[in-house]
Amino acid sequence: MTATAAATVPQTTRGAGKTSRRRSAVWLGLTPFAIYVILFLAIPAGLAVGSGFFTSTGALTLANFSVLADPGIQKDFLNTIVVSAVTAIIGAILGALICFALLGTKPDGMIRTVIDSASSVLAQFGGVMLAFAFIATIGAEGLITQWLVSAGLVNNVFNSFAHNGVLIYQVVGLGVVYLYFQVPLMVIVFMPAISGLKATWGEANATLGGTRVTYWTKIAMPILAPAFFASVILLFANAFSSYATAAALISQGGLISLDIKTALVSETVIGKANTAGVEALAMVVVMVIVMVAYSALERRASRWRR
Amino acid sequence: MEDHLITKRHFAGVAVLAAAAIALAGCASTSSSTTAGTISKAKASTATSAAAFGGLKGLIAAANAEGQLNVITLPPSWANYGKIIALFEKTYPKIKINSANPNGSSANEVSAAEAEKGQSTAPDVFDIGTAVLDQNLDLVAPYKVQNWADIPTDFKDPGGKWYYDYTGLMSIGYDSSKITKAPKTYKDLLGSEFNGKVSIKGDPTQANEAASAVYLAALQNGGSADNIQPGIDFFAKLKAAGNFNNVLPTQATVNSGDTPVVLQWSYNNLAWGPEAGSAGNANWKVVIPSGSAALGSYYNQAINADAPDPAAARLWEEFIYTPAVQNLYLASGAYPATLAAMEKNKTVDQSVLSSVGAPPSNFVQLTADQATAAAALLGAKWKSAIG
Numbered sequence: 028m029t030a031t032a033a034a035t036v037p038q039t040t041r042g043a044g045k046t047s048r049r050r051s052a053v054w055l056g057l058t059p060f061a062i063y064v065i066l067f068l069a070i071p072a073g074l075a076v077g078s079g080f081f082t083s084t085g086a087l088t089l090a091n092f093s094v095l096a097d098p099g100i101q102k103d104f105l106n107t108i109v110v111s112a113v114t115a116i117i118g119a120i121l122g123a124l125i126c127f128a129l130l131g132t133k134p135d136g137m138i139r140t141v142i143d144s145a146s147s148v149l150a151q152f153g154g155v156m157l158a159f160a161f162i163a164t165i166g167a168e169g170l171i172t173q174w175l176v177s178a179g180l181v182n183n184v185f186n187s188f189a190h191n192g193v194l195i196y197q198v199v200g201l202g203v204v205y206l207y208f209q210v211p212l213m214v215i216v217f218m219p220a221i222s223g224l225k226a227t228w229g230e231a232n233a234t235l236g237g238t239r240v241t242y243w244t245k246i247a248m249p250i251l252a253p254a255f256f257a258s259v260i261l262l263f264a265n266a267f268s269s270y271a272t273a274a275a276l277i278s279q280g281g282l283i284s285l286d287i288k289t290a291l292v293s294e295t296v297i298g299k300a301n302t303a304g305v306e307a308l309a310m311v312v313v314m315v316i317v318m319v320a321y322s323a324l325e326r327r328a329s330r331w332r333r
Numbered sequence: 064m065e066d067h068l069i070t071k072r073h074f075a076g077v078a079v080l081a082a083a084a085i086a087l088a089g090c091a092s093t094s095s096s097t098t099a100g101t102i103s104k105a106k107a108s109t110a111t112s113a114a115a116f117g118g119l120k121g122l123i124a125a126a127n128a129e130g131q132l133n134v135i136t137l138p139p140s141w142a143n144y145g146k147i148i149a150l151f152e153k154t155y156p157k158i159k160i161n162s163a164n165p166n167g168s169s170a171n172e173v174s175a176a177e178a179e180k181g182q183s184t185a186p187d188v189f190d191i192g193t194a195v196l197d198q199n200l201d202l203v204a205p206y207k208v209q210n211w212a213d214i215p216t217d218f219k220d221p222g223g224k225w226y227y228d229y230t231g232l233m234s235i236g237y238d239s240s241k242i243t244k245a246p247k248t249y250k251d252l253l254g255s256e257f258n259g260k261v262s263i264k265g266d267p268t269q270a271n272e273a274a275s276a277v278y279l280a281a282l283q284n285g286g287s288a289d290n291i292q293p294g295i296d297f298f299a300k301l302k303a304a305g306n307f308n309n310v311l312p313t314q315a316t317v318n319s320g321d322t323p324v325v326l327q328w329s330y331n332n333l334a335w336g337p338e339a340g341s342a343g344n345a346n347w348k349v350v351i352p353s354g355s356a357a358l359g360s361y362y363n364q365a366i367n368a369d370a371p372d373p374a375a376a377r378l379w380e381e382f383i384y385t386p387a388v389q390n391l392y393l394a395s396g397a398y399p400a401t402l403a404a405m406e407k408n409k410t411v412d413q414s415v416l417s418s419v420g421a422p423p424s425n426f427v428q429l430t431a432d433q434a435t436a437a438a439a440l441l442g443a444k445w446k447s448a449i450g
């Protein structure tokens with residue numbers, strides 16, 4: 028921010044020259060990443076969303092937007108948002124509690140190192156592998172399910188959830204599976220923030236007559252709030268865009284990412300491939316709303332810093 | 064990276080071959096006969112019968128010169144395609160088969176043909192559902208195999224753009240170690256013994272095989288090919304009873320016991336049972352539901368108009384309609400298109416036919432119009448029925 032201000036309001040010619048030279052060096056450094064993002068994120072996203080505005084023969088149309096009025100699609104949209112939000116919030120709380128517990132351990136101690144590296148691995152554990160791991164543990168023939176059956180619980184929570192069959196083949200079960208990568212992801216992203224709390228702040232609080240409660244409510248939580256909410260947003264986006272795990276577990280709709288696949292590859296309902304673009308656009312809109320809400324929240328949470 | 068290199072090399076190879084072929088075709092134009100292996104790619108792409116190659120020998124020579132064949136969406140355990148591909152490679156050892164996206168859908172075949180148009184990796188031949196094919200008739204090249212007459216008239220396009228290859232019948236597959244009382248009709252599946260156990264092959268608004276399970280449910284519940292609403296109602300009831308198992312069944316889930324009841328084509332249920340050995344489920348039984356007409360749906364063979372290996376593509380079709388391969392379809396439980404002619408010519412494998420059972424004299428197959436109407440109804444009603 029300050030660099031830009033200095034560049035736009037040059038005080039002296041010498042200063043301006045220095046800044047622009049430095050800025051061009053910065054741009055040079057950024058170029059590979061920028062090109063990468065444009066090629067593999069911006070252009071594909073633009074093409075995907077853009078396809079929603081055309082018919083299958085290439086004429087401009089807004090007719091594809093009628094898909095958003097379909098109650099089935101609306102329900103799947105709601106499902107996706109609820110599953111993402113619930114797993115993000117539960118994951119964030121559990122993850123933050125783990126981080127809090129880890130504060131009591133030595134930063135370079137055995138426990139911290141093990142949990143750190145385990146979290147890094149497990150946060151990346153997704154897709155078909157994750158689905159398989161859960162099928163093998165709590166699927167119809169899963170290890171734990173069969174233990175319960177042999178212990179006399181022939182219809183248990185895993186194989187007969189809500190009298191509707193196997194838990195993990197339902198949207199609720201998907202939430203359980205998602206938590207498996209949400210919690211470790213929270214640990215990774217939140218640990219740096221929580222370990223940034225300085226011991227001196229606690230001492231200052233104590234010297235001024237504060238209690239542990241005032242330390243957490245007046246100092247630690249306001250400081251950590253922006254990081255915490257940013258983590259929740261990250262977890263939300265992580266679940267919201269998840270596809271492979273859901274596709275391996277759920278065969279009928281349920282989530283908007285699965286509806287997009289259905290629209291793209293259908294061999295029965297022909298000619299609705301372009302509605303996938305509209306569904307993608309709706310997903311982008313949801314993410315934009317969440318991001319805007321987050322930045323408003325962040326501004327409020329960080330008011331004390333100004 | 065590797066693919067890219069191969070593609071480039073192939074491209075160069077094709078270019079050289081094409082140049083050579085054009086030069087040779089130029090020389091040959093003065094003589095009247097086309098000699099084996101010298102037919103140009105352009106000419107092979109428009110050949111509508113083996114005669115254009117100077118007979119089957121010429122076709123084989125031209126296909127050998129191409130050296131490869133790209134097939135798409137042919138799972139090895141589907142209608143015996145594993146054995147069929149192996150037999151082709153054994154019969155024509157100079158032609159390598161590249162099998163792409165074995166678990167893809169008919170729509171994937173079309174998108175692959177469009178996306179890879181002009182590249183050496185584009186699919187040469189399709190095994191494609193009728194609904195998708197009808198929308199993409201400009202994508203396929205006409206060709207008539209030598210025993211064209213053996214394919215019944217209703218089973219082929221008079222112009223030769225498509226021809227039926229095989230059909231299964233919609234069936235119930237079940238694990239007899241978990242289901243003690245064999246289901247006879249779809250209605251039996253509403254019983255409490257089936258709680259959380261009945262699955263279909265995907266989303267009917269996406270997959271033809273899953274949609275066909277709904278169509279048979281319609282026939283089983285007083286509906287017809289023109290009225291599939293009772294089929295949707297049946298699955299709503301199945302869901303309400305808690306009997307619908309919302310996971311995509313595969314050979315692996317059938318093997319492990321995660322999907323104890325699967326409604327799918329008979330040849331797939333047969334392939335996933337004891338037939339598959341240790342990869343299958345030894346207790347897997349197959350029932351064609353009684354109480355209504357059976358339901359089938361032929362798939363179509365067709366050649367990509369822009370096939371990178373046009374001669375090999377045509378040789379594949381000739382191969383598919385030989386009695387040996389038609390008998391392989393039959394052995395998987397699928398009824399091949401030339402079955403009636405094979406019974407008449409005594410080329411059918413009688414022991415296989417008696418073990419699979421004679422096909423029902425009349426089974427229901429939705430016409431293209433009925434399928435379109437049914438799909439529209441599924442699009443509108445399915446999600447709320449099962450959601």
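Chains as they are written, first to last, in my numbering: chain D, 28 to 333; chain V, 64 to 450. We treat Cβ as the ideally placed atom computed from N, Cα and C, and that holds for glycine.
Sub-8 Å separation of residue i and residue j beta-carbons
i         : j         : result
Asp-213/V : Thr-401/V : yes
Ile-449/V : Phe-307/V : yes
Ala-194/V : Thr-435/V : yes
Ala-370/V : Leu-202/V : no
Val-324/V : Ile-235/V : yes
Tyr-229/V : Tyr-144/V : no
Phe-263/D : Val-204/D : no
Trp-225/V : Ala-365/V : yes
Ile-158/V : Asn-127/V : yes
Val-94/D  : Thr-302/D : yes
Asn-300/V : Gly-280/D : It is Lys, not Asn, that sits at residue 300/V in the sequence shown. Against a cut-off of 8 Å, the Cβ pair of Gly-280/D and Lys-300/V comes out as no contact.
Gly-359/V : Gly-254/V : no
Gly-259/V : Gly-320/V : no
Ala-266/D : Thr-114/D : yes
Ala-394/V : Val-411/V : no
Own chain, CB closer than 7 Å to residue i, minus 5 neighbours either side, in chain order
i         : result
Ile-147/V : Val-388 and Leu-391
Val-216/D : Ser-258 and Leu-261
Thr-241/D : Asn-232
Ala-4/D   : Only positions 28 to 333 of chain D appear in the structure, and residue 4/D is not among them; the question remains open.
Phe-127/D : Ile-221
Tyr-270/D : Ser-284
Ser-329/V : Gly-231, Leu-232, Ser-234, Val-349, Ile-351 and Gly-396
Buried or exposed by the 16-neighbour rule on C-beta atoms within 10 Å, applied to residue i
i         : result
Arg-327/D : exposed
Trp-54/D  : exposed
Pro-211/D : buried
Gly-89/V  : Unreliable positioning characterises Gly-89/V in this predicted model, as indicated by a pLDDT of 41, which lies under 50. A coordinate reading is not provided.
Leu-137/V : buried
Gly-99/D  : buried
Ile-277/D : buried
Ile-65/D  : exposed
Arg-377/V : buried
Cβ-based neighbour list, residue i, same chain, cut-off 6 Å, excluding 5 preceding and 5 following
i         : result
Ser-96/V  : Confidence at Ser-96/V is low in this model, with a pLDDT of 37, below 50, so the placement of that residue should be treated as unreliable; the coordinate-derived value is given next. Cβ within range, chain order: n/a, list empty.
Thr-107/D : Leu-282 and Ile-283
Ile-125/D : Val-214
Leu-324/D : Phe-256
Ala-75/V  : Reliability of the predicted coordinates at Ala-75/V is poor, the pLDDT of 46 falling under 50, and no value is obtained from them.
Pro-139/V : Gly-145
Leu-130/D : none
Glu-129/V : Asp-372, Ala-374 and Ala-375
Val-208/V : Glu-380, Glu-381 and Tyr-384
Thr-98/V  : Here Thr-98/V scores only 42 on pLDDT, less than 50, and its place in the model is too uncertain to base an answer on.
Cβ distance (whole Å) where residue i is taken to contact residue j below 8 Å
i         : j         : result
Glu-294/D : Ala-281/V : Not really, about 19 Å apart at Cβ, beyond 8 Å.
Ala-175/V : Ile-135/V : 6 Å
Ala-254/D : Ala-233/D : Incorrect: roughly 24 Å between the Cβ atoms, too far for contact.
Same chain, Cβ closer than 8 Å to residue i, five either side skipped, listed in chain order
i         : result
Thr-169/D : For clarity, residue 169/D is Gly in the given sequence; the question names Thr instead. Closer than 8 Å at the Cβ level, and outside the excluded window around Gly-169/D, lie Phe-161, Ile-162, Ala-163 and Phe-185.
Gly-265/V : Glu-272, Ala-273 and Leu-311
* Considering only residues of the stretch 139 to 219 of chain V, which uninterrupted beta strand (DSSP E) runs meet the minimum length of 3 residues and lie entirely inside it, listed in chain order? -> Listed in chain order, they are 159 to 163 and 188 to 191.
* Ranges of the beta strand (DSSP E) found wholly within the stretch 282 to 339 of chain V, counting only runs of at least 3 -> Counting whole runs of 3 or more residues, the stretch 282 to 339 of chain V contains the beta strand (DSSP E) stretches 324 to 328.
* Runs of alpha helix (DSSP H) lying entirely within the stretch 152 to 187 of chain D, each at least 4 residues, in chain order -> The qualifying runs are 154 to 165 and 170 to 177.
* What alpha helix (DSSP H) runs, 4 residues minimum, are completely inside the stretch 226 to 306 of chain D? -> Secondary structure in the stretch 226 to 306 of chain D: the alpha helix (DSSP H) runs of 4 residues or longer, each lying completely within the stretch, are 226 to 234, 248 to 267, 271 to 276 and 283 to 292 in chain order.
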